[in-house]
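> Residue 79 in full-length UniProt numbering sits at position 79 of the sequence shown, with consecutive numbering throughout.
Beta carbons are placed, not taken as given, at the ideal position from N, Cα and C, and that holds for glycine.
Handing you this structure, nothing more for now.
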Amino acid sequence: MSLSLYSPFVSTRYSHWNHPNHIQPPATTTTTSALPPSLRQRRRELRSVLIRSLDPMEVSGVDSEGKEFNSAQEMWREAIGEEGDETKKTQWYRDGVSYWEGVEASVDGVLGGYGHVNDADITGSEVFLKTLMLERLVNGGTNQHLVALDCGSGIGRITKNLLIRYFNEVDLLEPVAQFLDAARENLASIGSETHKATNFFCVPLQEFTPAAQRYDVIWVQWCIGHLTDDDFVSFFNRAKGCLKPGGFFVVKENLAKKGFVLDKEDRSITRSNPYFKELFRRCGLHLYQTKVEFMSVSFFILRQFLGTVGLDIYVFFFSNAIIQDQKGLPQELFAVKMYALTVDIPPKVHKTRSKTRGNRPQIIK
């Protein structure tokens with residue numbers, strides 16, 4: 001198999017168009033309809049290729065069995081069937097929940113045996129959240145009754161270690177019943193009358209409709225990869241009306257370097273940054289702030305490292321992961337990116353350079 005997620009944007013078979021011996025019709029007099037059929041067909045093909053080159057959904061990807069796909073649409077047609085095939089789509093979600101029902105309800109379990117990355121994950125999230133709260137919420141959130149929604153909450157790991165310290169109420173959304181039961185137990189003795197876990201929703205993300213204007217922050221971490229593209233857009237469109245004025249989404253997910261990676265075992269997809277941004281655009285959401293944090297646990301990659309599909313897959317994913325040095329974190333993992341998303345358009349910041357400071361003598365480092 002190829003070791004590249006991307007196929008060339010424009011096929012080399014079109015390179016002869018710029019050859020000096022290639023005769024093109026006069027630009028001033030010839031319309032598209034007057035072109036020879038063969039040339040019209042070539043132009044249509046080239047236009048199609050160029051359009052696909054600008055569409056992240058047309059970028060190639062691969063699944064956990066080593067199969068390559070020319071586009072996300074091709075992958076989804078195989079995974080959930082043609083549009084309207086609700087039976088296959090329902091099975092996709094059922095299999096995903098079934099996978100997680102076989103996982104131990106512990107920090108080590110939900111993090112794929114890498115529970116020691118929990119502290120680094122929470123620390124990075126807290127820095128990101130505090131900055132956003134200071135900028136987006138009045139008085140940095142002080143003297144307000146703040147409410148958050150923890151999507152894909154699992155055993156309440158993020159609520160317990162982060163959200164409950166900053167929000168007066170936190171609602172948890174999790175489709176795996178045993179995880180939600182563990183969350184209730186883990187949070188029973190945490191918090192206070194003014195900082196508490198309030199509601200526990202055992203509902204899949206694609207079926208959940210939050211209460212109108214209830215939340216200041218909707219936190220979505222390591223779960224949105226289980227949604228199809230259509231359900232991804234549908235969820236955020238429903239959830240937009242559930243934010244208070246000034247509220248925002250935080251999406252924190254594994255990031256494929258290019259294209260996408262489909263895990264057929266747990267029924268999830270790791271998307272690239274352009275892929276995410278295209279879906280956010282379709283949701284009518286605006287990027288307020290982003291941050292690439294550290295190497296996250298990619299359960300799919302870890303399984304590949306155990307030798308389940310062979311050396312070529314190992315090399316493929318290792319070469320497409322962003323490797324960084326981070327104390328206490330494994331090297332063989334995908335990067336994580338945090339997106340802060342708003343319904344309103346963020347104001348443009350015009351940066352000006354200080355002439356006084358710019359002309360000041362500097363120490364060469």
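With 16 other CB atoms within 10 Å as the buried threshold, where does Thr142 fall?
Counting every other CB atom within 10 Å of its CB across the protein chains shown gives Thr142 a total below 16, marking it as exposed.
> Report buried or exposed for Asn186, applying the criterion of at least 16 other Cβ atoms within 10 angstroms of its Cβ.
buried
> Alpha carbon to alpha carbon, what distance is there between Ile155 and Ser268?
19 Å
> Whose C-alpha, out of Cys283, Val203, Gln41, is nearest the C-alpha of Arg238?
Cys283
> Under 8 Å: do the region 131-151 and the region 167-178 share three or more Cβ pairs, one atom per stretch?
yes
> I'd like to check one pair, Val220 with Phe249: are the Cβ atoms closer than 9 Å?
yes
> At a cut of 8 Å, does the region 117-132 reach the region 162-169 through at least three beta carbon pairs?
yes
> Rounded to whole angstroms, what is the Cα-Cα separation between Pro210 and Ser38?
54 Å
> In terms of alpha-carbon separation, which member of Asp344, His145, Trp92 lies closest to Arg214?
Closest option to Arg214, Cα to Cα, is His145.
> Report the CB separation of Asn118 from Val107 in whole angstroms; it is logged as a contact under 8 Å.
Confirmed, about 5 Å.
> Do Phe260 and Ala72 have their beta-carbon atoms positioned less than 9 Å apart in this structure?
yes
> Confirm, please, whether the CB-CB distance from Ala182 to Gly191 is below 9 Å.
Result no, Cβ atoms of Gly191 and Ala182 do not sit closer than 9 Å.
> I need the straight-line Cα distance from Thr31 to Arg43, nearest angstrom please.
Note on Thr31: pLDDT 48, under 50, position unreliable in the model; no value is reported.
> Please determine, among Asp266, Trp222, Asn273, the residue with the shortest C-alpha to C-alpha distance to Glu65.
Asp266
> Please say whether Leu285 and Lys337 have beta carbons closer to each other than 9 Å?
In terms of Cβ geometry, Lys337 and Leu285 do not form a close pair [threshold 9 Å].
> With distances taken between CB atoms, is the gap from Thr228 to Lys89 smaller than 9 Å?
yes
> Just to confirm, are Gly247 and Ile218 a CB contact at a threshold of 9 Å?
Taking 9 Å as the Cβ cut-off, Gly247 and Ile218 qualify as a contacting pair.
> Following the continuous alpha helix (DSSP H) through Pro274, name the residue where it begins and the one where it ends.
273-283
> By Cβ distance, which residues of its chain are closer than 6 Å to Asp63, with the 5 residues on each side in sequence left out?
Leu262, Lys264
> Could you check if Thr29 is buried or exposed, using at least 16 other CB atoms within 10 Å of its CB as the buried criterion?
With a pLDDT of 42 at Thr29, under the threshold of 50, the modelled position of this residue cannot be trusted, and the question is left open.
> Can you tell me which of the three DSSP states Lys264 falls into?
DSSP places Lys264 in coil when its eight states are reduced to three.
> Please list the terminal residues of the continuous alpha helix (DSSP H) segment that includes Thr342.
From DSSP, Thr342 is part of no alpha helix (DSSP H) but of the beta strand (DSSP E) over 335-342.
> So, for Lys240: in the same chain, excluding its five sequence neighbours on each side, which residues have a beta-carbon less than 6 Å away from its beta-carbon?
Val343
> Which residue comes first and which comes last in the alpha helix (DSSP H) that contains Glu207?
Per DSSP, Glu207 belongs to no alpha helix (DSSP H) and is neither H nor E.
> Should Val147 and Asp95 be called a contact, given that it needs their Cβ atoms to be closer than 9 Å?
no
> DSSP has Val170 in a bridge; who is on the other side?
Ala148, Ala197
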